[in-house]
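Below is one structure, written out as structure tokens; the observations come after it.
Protein chains in written order, with this note's numbering: chain D, 1 to 201; chain R, 1001 to 1201.
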């Protein structure tokens, strides 16, 4: 997994970042999240963010480069936190639980993560490469694959891809928003899927 | 299922279509499929089709209205054939097999269907509505839901959506083209998923 830049004990900003700069960055990201929560991802423009955070537009551009850079940063921060949870956090999500318990907790966590970050995730998943072959997805797939291998699933690579597809952001968001399915129904059905898949024969 | 316009015994064209018109239509669709197979869906333009089928451009427009209309017609013909298979065809796909056998055969058939029609399916799935709430997908979901209900799955609506997500065209095509997974590995893993999900406890 050396190609995936995840480190457990490093704070969000680069270590040499000056603390006032780090604070400004956090304030901007916080304002950006509020904009997305309140008005949707379309409302997240560089102008709107500068206005909301009461800074000059130049500050926003210097910090994130572009609107796409801003969205990647927002998502990457959230993904890093989620990743720390399943790689280094306490059980049942982190190391220590059985593969079945860990996979149940993974899907449950992922469903709530998607419902919090769905607009950003959907905006980022513009084509197959962005859906399947970005570092966060590759890492999630690898994690599921390892758990399935421990449970003696025949082809863990392919099965992990099937399970990850069931956690597709557009699918989860569509179930909830269009069909009125509650998050609880989604997580309970996920737990049933994992329980049936991984029980010993 | 009354909202889904599927009739088992009707030939592809409307019943009153003149037979030479029906033949011309089939010839055009056949030429269109050859273009897609050979050069990808981007190559399927009204001009290219007229040229390939050696007819005037006006004939192509009169028949399909627009390029989007042509693609919908192509896909709809293929989907109808696939639907006839799982709704009225012989077992194990059609009525007569156990829910588990029918669901295994459904996924297997769907994977090969996607690998044949993937470019058209991907071109049609431009947003969540086009991915999840078109008649063909609604019907496939309903079919899986009924089979899962027969097997006493707790929340068959949600579980059917999870299984259908595992058969997402972009995922299947990405696994094969980008990761070099063979169709056989995909169908075998699908069979394992269904077998484990539906075996009695």
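Just so it is clear, CB atoms sit at the ideal spot from N, CA and C, and this is done for glycine as well.
A quick note: this is a predicted structure, and the numbers were derived from the prediction, not measured.
If contact means a Cβ-Cβ distance below 9 Å, which residues of the stretch 174–201 of chain D contact chain R?
Taking 9 Å as the upper bound on Cβ-Cβ separation, chain R lies near residues 174, 175, 177, 178, 179, 181, 185, 186, 188, 189, 190, 192, 193, 196, 197, 198, 199 and 201 of the stretch 174–201 of chain D.
Cα-Cα separation between residue 184 of chain D and residue 1131 of chain R, rounded to whole angstroms:
23 Å
Find out if the Cβ-Cβ distance for the pair residue 160 of chain D, residue 76 of chain D is shorter than 9 Å.
no
What's the call for residue 95 of chain D, buried or exposed, on a 16-neighbour Cβ count within 10 Å?
exposed
Given that residue 159 of chain D touches chain R, what residues does it touch there, using C-beta distances under 8 Å?
1189, 1192 and 1193
By the three-class DSSP mapping on this structure, what secondary structure does residue 1040 of chain R have?
coil
If we call anything under 9 Å between Cβ atoms a contact, is residue 102 of chain D one with residue 82 of chain D?
With contacts defined by Cβ atoms closer than 9 Å, residue 102 of chain D and residue 82 of chain D do not form a contacting pair.
For residue 113 of chain D, would you say it is in contact with chain R, using Cβ-to-Cβ distances shorter than 9 Å as the test?
Taking CB atoms only, residue 113 of chain D has no neighbour in chain R less than 9 Å away.
How many angstroms separate the CA atom of residue 195 of chain D from the CA atom of residue 144 of chain D?
Going from the Cα of residue 195 of chain D to the Cα of residue 144 of chain D covers about 14 Å.
Counting only Cβ-Cβ distances shorter than 7 Å, please list the residues of the stretch 54–86 of chain D near chain R, keeping chain order.
none
So, for residue 34 of chain D: in the same chain, excluding its five sequence neighbours on each side, which residues have a beta-carbon less than 8 Å away from its beta-carbon?
52
Establish whether the CB of residue 165 of chain D and some CB of chain R are separated by less than 9 Å.
Answer yes: the Cβ-Cβ gap between residue 165 of chain D and chain R drops below 9 Å somewhere.
Residue closest to residue 1030 of chain R, alpha-carbon to alpha-carbon, out of R:1079, R:1089, R:1118 and R:1049
R:1049
Do the stretch 1147–1154 of chain R and the stretch 1056–1075 of chain R touch if we need at least three Cβ pairs shorter than 8 Å?
no
Residue 1128 of chain R vs residue 178 of chain D beta-carbon contact at 9 Å:
It is a contact, given that the beta carbons lie within the stated cut-off.
For a contact defined as C-beta to C-beta under 8 Å, what are the partners of residue 1155 of chain R on chain D?
185, 188, 189 and 192
In chain D, which residues lie less than 7 Å from residue 1170 of chain R when you measure between Cβ atoms?
128 and 131
So which residues of chain R does residue 19 of chain D contact, with C-beta pairs closer than 7 Å?
One finds nothing in chain R with a Cβ atom closer than 7 Å to the Cβ of residue 19 of chain D; even the nearest lies about 42 Å away.
Residue 1080 of chain R to residue 1112 of chain R span [Cα, whole Å]
15 Å
Is the beta carbon of residue 1155 of chain R less than 9 Å from the beta carbon of residue 158 of chain D?
no
List the residues that DSSP assigns as beta-bridge partners of residue 95 of chain D.
D:97
Given a threshold of 16 other Cβ atoms within 10 Å of its Cβ, counted over all protein chains shown, does residue 182 of chain D qualify as buried or as exposed?
exposed
Whether residue 200 of chain D touches residue 1171 of chain R by CB criterion (9 Å):
no
For residue 169 of chain D, does the count of other Cβ atoms within 10 angstroms reach 16, so buried, or fall short, so exposed?
buried
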